[in-house]
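Structure first, then comments.
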Amino acid sequence: MSKSDQTELPNLSHYWVPFTANRQFKAMPRLFKAAKGNYYTSMDGRQVLDGTAGLWCVPAGHAREEIASAVAAQLRTLDYAPAFQSSHPLAFEAATRLAGYMPTGLDRIFFTNSGSESADTALKIALAYHRVTGNPLRNKLIGRERGYHGVNFGGISVGGIAGNRKAFGNALSGVDHIRHPLDIEKNAFTKGVPQDGGIALANEFEQRVMTLHDPSTIAALIVEPMQGSAGVIVPPAGYLKRLREICTKHGILLIFDEVITGFGRLGTKFGADYFDIIPDMLTCAKGLTNGVVPMGAVAVKRDIYDAFMQNSAAGAIELPHGYTYSAIPIACAAAIATQDIFAAEKLEARAADLSTYLESAAHSLKGLPMVKDIRNIGLVAGIEFEAKAGASAFAVYLKSYELGLHVRYTGDIIAISPPLTIEKHEIDRIFNTLADAIKWVASQGEADLDASRYLKNEQSWAMHQQHTI
Ligand SMILES: Cc1ncc(COP(=O)(O)O)c(C=O)c1O
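This note's numbering puts the sequence shown at residues 1336 to 1804.
Set out below in structure tokens:
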């Protein structure tokens, strides 16, 4: 029996599932056993439309043969080369390809294995840069409320999602946060970029946060061009440009965390291109390898890299940082094959073309029960529900899955971010299914808070498994 024929559940006891309510999940597991194109196959053999490109990470669609064969061939040629003090040609080729894809000037590439590592790497480079250029007192880091920069200590420190921080002690010191730009009262149901309030909000960075700290002590500001994980927060017009101006004026490095917005998600290569801004560093991961091999990267402005080269003692390791798996051969092979697909299929332009279609489809949900706001940009939409202890979005997610659609829920929000290979009829299906799920959940009243009402099939599998092991 091939894995894709499998209907028996595996033993669920040993795997601690990340960012998941494990007891609940193991009582009603949602397992995929295969994927192709824009669809998953669930354990019970159903085709489930992928409304989220995995975890925002499969822009070119699933099971791309070009990537699979590049990775397989690489595994048989050079499986691993030590990442420190030696390397392999594909690492340089992957860096060259990525440098060519980056906004102008961001052409020095440090490879990591994830978005979290990319964020922490960028923060470390910022601190080390100021030290190597003779400004060691520039050592404060500024993030943003509701920002998500992964789960490592640097990332949760500058990140602004309380739930991801509060269990883990004090994190980094010398960190502060600017306000997030979501203003539902003024901007509910805005299509695309909200027009008002951006400059004033950005000015708060200079007026309040800097006044509090003294700008000459701030090393870097890190922001996602569009805040994804905390619920699709689209920045208002002019806001990011103003942040760029303020950072430049005060010698503060601006880091764009483009782990979600990179690789065509907004209809451009990066969010930096969409908003026409060049940050000093740009972090990415996810779509870099179409999600198939863990890999992240930090693209750094050339003069930052040069400062390390010029100001470090001869023979010294200029940046004492790196990972055993930085630029492993299969990740490089996957990244190059992904770049080839983007170049051949012009996926960014495809996303841009589809974005107005997705916008109309998403906003057609306006007026449905529980729907409080709808936001969109590029091939992303967020639907925010009236807060009911976060349960409505979760229930809509479960019901959608039952109806053959995979979406992402986070707090009171459902996020939609399909592969860039999505077809119009599939966009229709995403939002028609969501509408059905929302109506069904609303019709259940308070009962919608009870997760055991959903996914009966999965629940009977899990019970069966408990009886058989
Ligand atoms: C903006 C941003 N930064 C960092 C990360 C963390 O990436 P990873 O899960 O690969 O560590 C994510 C993940 O969603 C993200 O959206």
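Note that CB positions come from ideal geometry on N, CA and C, so glycine has one too.
When only Cα atoms are considered, Pro-1364 and Ile-1751 end up about 21 Å apart. Here DSSP, grouped into helix, strand and coil, assigns Val-1493 to helix. For Tyr-1483, the Cβ falls inside the 7 Å cut-off from some heavy atom of ligand 1. Cβ neighbours of Phe-1591 within its own chain (closer than 6 Å, five residues either side excluded): Pro-1560, Ala-1607, Pro-1614, Leu-1617. By the neighbour-count definition (other C-beta atoms within 10 Å, threshold 16), Gly-1780 is an exposed residue. Per DSSP, the unbroken beta strand (DSSP E) holding Val-1633 starts and ends at 1631 to 1635. DSSP, reduced to helix, strand and coil, places Ser-1377 within a strand of the structure shown.
No Cβ-Cβ contact shorter than 8 Å links Leu-1458 with Leu-1433. Boundaries cannot be given for Ala-1649, as no alpha helix (DSSP H) includes it and DSSP labels it neither H nor E. Straight-line measurement puts the Cα of Ala-1772 at about 8 Å from the Cα of Tyr-1732.
Ligand 1 has no heavy atom closer than 7 Å to the beta-carbon of Ser-1492. Scanning its chain for C-beta atoms nearer than 7 Å, with the 5 sequence neighbours on each side dropped, one finds around Ala-1537 the residues Tyr-1574, Arg-1577, Leu-1578, Ile-1581, in chain order. The region 1412 to 1423 makes no contact with the region 1635 to 1643; the number of CB pairs closer than 8 Å stays below 3.
Along the length of the region 1503 to 1558, whole alpha helix (DSSP H) runs at least 4 residues long occupy 1519 to 1522, 1533 to 1539, 1545 to 1548, reported in chain order. Look at Asp-1592: its beta carbon is less than 7 Å from one of the heavy atoms in ligand 1. Taking 4 residues as the shortest admissible run, the region 1550 to 1609 contains the following complete alpha helix (DSSP H) segments, listed from N- to C-terminal end: 1574 to 1585.
Along the region 1459 to 1493, the alpha helix (DSSP H) occurs as fully enclosed runs of 4 or more residues at 1488 to 1493, listed in sequence order.
Less than 8 Å divides the Cβ of Val-1633 from the Cβ of Thr-1447. DSSP, reduced to helix, strand and coil, places Cys-1392 outside both helices and strands of the structure shown, so it counts as coil. In this structure, Ala-1686 lies near Leu-1755, with their beta-carbon atoms less than 8 Å apart.
Counting only the Cα atoms, Arg-1358 lies some 10 Å from Trp-1351. Counting the other CB atoms within 10 Å of its CB gives Phe-1427 a total below 16, which places it among the exposed residues. Within the chosen limit of 7 Å, ligand 1 reaches the beta carbon of Gly-1450 through at least one heavy atom. Measuring C-alpha to C-alpha distances from Arg-1710 to each of His-1698, Asp-1611, Arg-1764 identifies His-1698 as the nearest. Note: Asn-1625 is not bridge-paired with any residue in the DSSP secondary-structure output. Of Glu-1653, Val-1558, Asn-1499, Ile-1460, the smallest CA-CA separation from Thr-1355 is found for Asn-1499. Thr-1603 sits buried, since 16 or more C-beta atoms from the chains shown fall within 10 Å of its C-beta. Between the C-alpha atoms of Ser-1564 and Ala-1649 there is a straight-line separation of about 43 Å. For Tyr-1744, the beta-bridge partners assigned by DSSP are Ile-1749.
Non-local beta-carbon contacts of Pro-1529 in its own chain, meaning distances under 6 Å to residues more than five positions away in sequence, involve Asn-1522, Pro-1571 in chain order. Ranked by Cα distance from Thr-1745, the options Glu-1761, Ala-1716, Asn-1767, Leu-1738 are led by Ala-1716.
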